[in-house]
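Chain order of the listed sequences is P and L. With the working numbering as the guide, the letters of the first sequence map in order to residues 1 to 340. With the working numbering as the guide, the letters of the second sequence map in order to residues 1001 to 1256. Here the structure comes first, spelled out in structure tokens, and everything after it is commentary.
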Amino acid sequence: MKARLRRLAPPVFALLVLGVLASLPWWASSAVLYVAGLTLTAGLFALSWNLLFGYAGIASFGHAAFFSIGAYFTALALQHQWPLHFLVTLGAAALAGAVLACLLGALALTRLSGIHFAVLTLAVAEVVRALISASRTLGAEDGLSGLPRPDMAFGGWVLRLQSAAAYYLFLLAVCALAAAALWLLCHGRFGRVLNALRQDPDRTAFIGLDVRRYRIAAFTISGAVAALAGAVAAPWTQIVSPETAGWLHSAQPMLNTLLGGSGSFWGPLVGSVVNAVLTYSTRTLAGVSELVSGAILLVVILIAPSGIVGALSRRSSRPVAGERTAAAPTSAAAIEGGPA
Amino acid sequence: MSAALEVRGVGKNYGPLHVLREVDFTVGTGEIFAVIGPNGAGKTTLFRVLTGEAASNGGSVRLHGEDITRLTVAERVHRGVGRTFQVARIFPEFTALQNVAVAIEARRRFPGQPRARHWNWRPDPAVVAEARAQLDDLGLSSRTEVQARLLSHGDRKRLEFALMLSLRPSILMLDEPMAGTAADDRQTMAELILKVRRERQVTVVMTEHDMDVVFSLADRVMVLNYGQVIAVGEPQAVRRDDKVREVYLGREASHA
């Protein structure tokens, strides 16, 4: 009975959170709704980063490159009214991110590892930022603004996403589906292999797995999801700027992941939410808001190096059941509310 | 006896430093073949070349007649190469059971295996059962749920052995299987190697510093010194070899 409750708790919790998020347009202020939308895309962005860091053990310091590619692709498509269904636009944006990541991975992931690869990604993001700044088509330093939100036609029925409420719900659906897909991926065989890879790449090769191929695959998927996060974010903010590819933006998923806990699937989402709440609640402290939220982040990371989820799950953890072959993230996820 | 492993003219140098020179030897199927030599003789480098971790500079390696010189580690594993390390390499965050299960899952997707379901949501019950049986077989049944990093040194070595065996290798490359183990564990490991050879007809190539182990287990011994083979033969013959006594056993004897 108790075991059954434990099994049911995570999906129930997840549905509850989804329900609350979906009800926001009916009772939250437009400012809160705006922040919630930003947090969702930041959360998806952080999840994509942690697929690399927490599962495959690869650090990327330039993940904003992928986000910005998705964002600019969607921005162009909407501004110039390309005759693409919006879902196709999203898919193409994700594909663009995947292609860049795959190329980068195939070129560099064999030769470089650890800090060298991370710095390379940082350099690539800076190149992307510089290219955007130099391109008239992409609005140069000003970026593209006043982006219209899309309509989506399904047969004779048209889904209008111009209003903040409508687009927010669409954003929520996309992020939830993408997160669910990532969850499945991380908890299946692929996730187990990435987990093994992070722990010991040499042993992984000696159980007959092609380490390079799995690393590139993880990087490609991560790039695609980051680009998707950018692609759904652009119509929400209705503006994209070169800073989307800047290193400060690349730092965001890292910070959110470390805050929430990289050892748990849901850690990056929790971190994104906490970060957003901190930023939002200190916004009126003119001039010191960054200082206050920065200090709180510092304290959390110092007292809980495994992040918020890590600290919570250590308090209530039990020996992991034998049949589960996913590592630490599973037990933490079970507590933090992952649909089992 | 057909040849399991044929090594011809293998060399390895790091810049001007020649770690292996023109190494030639053949290991018969089912044989236990020990590679010994003083520290720095090139034993570990030879292992790395044979397993594909390092590329050789010239020469060829054939496994059961197939040229594997240019294959990657994973491709050699698919063809039957199993390997253990001086310090056991296992997945520290996984439990013992998860360690073996992930290896079995990998094996089921080796080229030429009947295609397992592509989307393996949870490990197949058959995989888990096989992993349990494998751990039982190595006397680790009481450790299945223990995280590998918490295991004792001897248990880690045995877990690594279980991981390797679960891939059903035809040739075991054991890099100092006795390194750092207690006397009891040595006995267990030696019996294990013999048992595996008997039951699975595998070929064993091992390096080892413990000469008692080498001379009691090995069918043949090869001695490396400064990257060159100075003697190959049955243990007793190698023991009597003058060159070997001079560079290796002589020194051992004077320590004793």
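Note that CB positions come from ideal geometry on N, CA and C, so glycine has one too.
Would you decide whether residue i is buried or exposed? Buried here means 16 or more other CB atoms lie within 10 Å of its CB.
i, result
"P/Met254", "buried"
"P/Gly114", "exposed"
"P/Gln252", "buried"
"L/Ile1036", "buried"
"L/Ala1162", "buried"
"L/Pro1016", "exposed"
"P/Met152", "exposed"
"P/Glu305", "The residue you asked about is not Glu; residue 305 of chain P is Pro in the sequence shown. Label assigned to P/Pro305: exposed."
"P/Ser241", "buried"
"P/Arg198", "buried"
"P/Leu177", "exposed"
"L/Lys1195", "exposed"
"P/Ser250", "buried"
"L/Pro1125", "exposed"
"P/Leu248", "exposed"
"P/Ser163", "exposed"
"L/Gln1098", "buried"
"P/Leu8", "exposed"
"L/Thr1045", "buried"
"P/Thr41", "buried"
"L/Arg1168", "exposed"
What are the partner residues of residue i, as DSSP defines its beta bridges?
i, result
"P/Tyr168", "P/Tyr168 pairs with nothing; no bridge assigned."
"L/Gln1187", "None; L/Gln1187 has no bridge partner."
"P/Trp157", "P/Phe154"
"L/Gln1147", "L/Thr1095"
"L/Met1211", "Note: L/Met1211 sits in no beta bridge, so no partner."
"L/Tyr1014", "L/Leu1017"
"L/Ala1003", "L/Gly1028"
"L/Glu1066", "L/Leu1063"
"L/Asp1242", "DSSP lists no partner for L/Asp1242."
"L/Val1223", "L/Ile1036, L/Ala1231"
"P/Val240", "P/Leu144"
"L/Thr1084", "L/Leu1174"
"L/Met1206", "L/Ala1034, L/Leu1174"
"L/Val1023", "L/Val1010"
Who are the Cβ neighbours of residue i in its own chain at under 7 Å, not counting the five residues just before and after it?
i, result
"L/Gly1180", "His1153"
"P/Leu182", "Leu47, Leu51, Val225"
"L/Asp1155", "Leu1140, Arg1143"
"P/Phe61", "Ala118, Val119, Thr121, Leu122, Ser250"
"L/Ala1182", "Gly1154"
"P/Ala71", "Gly230, Ala231, Ala233, Ala234, Val240, Thr244"
"L/Met1178", "Arg1186, Met1189, Glu1208, Asp1210, Val1213"
"L/Phe1047", "Met1173, Asp1175, Thr1207"
"L/Gly1052", "Leu1071, Thr1072, Val1073, Arg1076"
"P/Leu18", "Ala176"
"L/Gln1236", "none"
"P/Ala165", "Pro25"
Less than 8 Å between C-beta atoms, sequence neighbours within five positions excluded: which residues of the same chain meet that for residue i?
i, result
"P/Ala205", "Val211"
"L/Ser1056", "Val1010, Gly1011, Lys1012, Leu1020, Val1049, Thr1069"
"L/Glu1031", "Met1001, Ala1004, Thr1203, Val1204, Asp1219, Arg1220"
"L/Gly1233", "Arg1220, Val1221, Asp1241"
"P/Arg297", "In the sequence under discussion, the amino acid at residue 297 of chain P is Leu, which differs from the Arg named in the question. Answer for P/Leu297: Leu255, Leu259, Asn275, Leu278, listed in chain order."
Suppose contacts are defined by Cβ-Cβ distances below 7 Å. Is residue i in contact with residue j by that definition?
i, j, result
"P/Ala227", "P/Ala96", "yes"
"L/Ala1133", "L/Ile1104", "no"
"P/Tyr167", "P/Leu161", "yes"
"P/Ser262", "P/Val309", "no"
"L/Ala1148", "L/Pro1123", "no"
"P/Phe45", "P/Phe67", "yes"
"L/Leu1063", "L/Arg1083", "no"
"P/Ala56", "P/Leu194", "yes"
"P/Thr282", "P/Val292", "yes"
"L/Thr1029", "L/Glu1006", "no"
"P/Ile207", "L/Ala1106", "yes"
"P/Gly43", "P/Leu185", "no"
"L/Lys1157", "L/Ala1088", "yes"
"P/Arg129", "P/Gly223", "no"
"P/Leu109", "P/Ile216", "yes"
Among the residues of its own chain, which have a CB less than 6 Å from the CB of residue i, if the five just before and after it don't count?
i, result
"P/Ala333", "Residue placement at P/Ala333 is poorly supported in this model, since its pLDDT is 33, which falls under 50; the coordinates still yield a value, given next. Answer for P/Ala333: Ser264, Phe265, Trp266, listed in chain order."
"L/Ala1041", "Leu1224, Asn1225"
"P/Phe73", "Ala93, Ala96"
"P/Ala64", "Ala125, Ala245, His249, Ser250"
"L/Ile1230", "Val1223, Lys1243"
Could you tell me whether the segment 26-33 of chain P touches the segment 74-89 of chain P, using the rule of 3 or more Cβ pairs below 8 Å?
-> Here the segment 26-33 of chain P makes no contact with the segment 74-89 of chain P; the two share fewer than three CB pairs at distances below 8 Å.
Does the count of Cβ pairs from the segment 1057-1065 of chain L and the segment 1091-1105 of chain L closer than 8 Å reach three?
-> Contact fails: fewer than three Cβ-Cβ distances are below 8 Å.
Does the segment 34-42 of chain P come within contact of the segment 93-108 of chain P, defined as at least 3 CB pairs closer than 8 Å?
-> Between the segment 34-42 of chain P and the segment 93-108 of chain P there are fewer than three C-beta pairs closer than 8 Å, too few to call the two in contact.
Examine the Cβ distances between the segment 254-270 of chain P and the segment 130-139 of chain P and report whether three or more of them are shorter than 8 Å.
-> Between the segment 254-270 of chain P and the segment 130-139 of chain P, the count of C-beta pairs closer than 8 Å stays below three; the two stretches do not touch.
Would you be able to state if there are at least three C-beta pairs under 8 Å between the segment 7-25 of chain P and the segment 68-85 of chain P?
-> Counting Cβ pairs under 8 Å, fewer than three are found: no touch.
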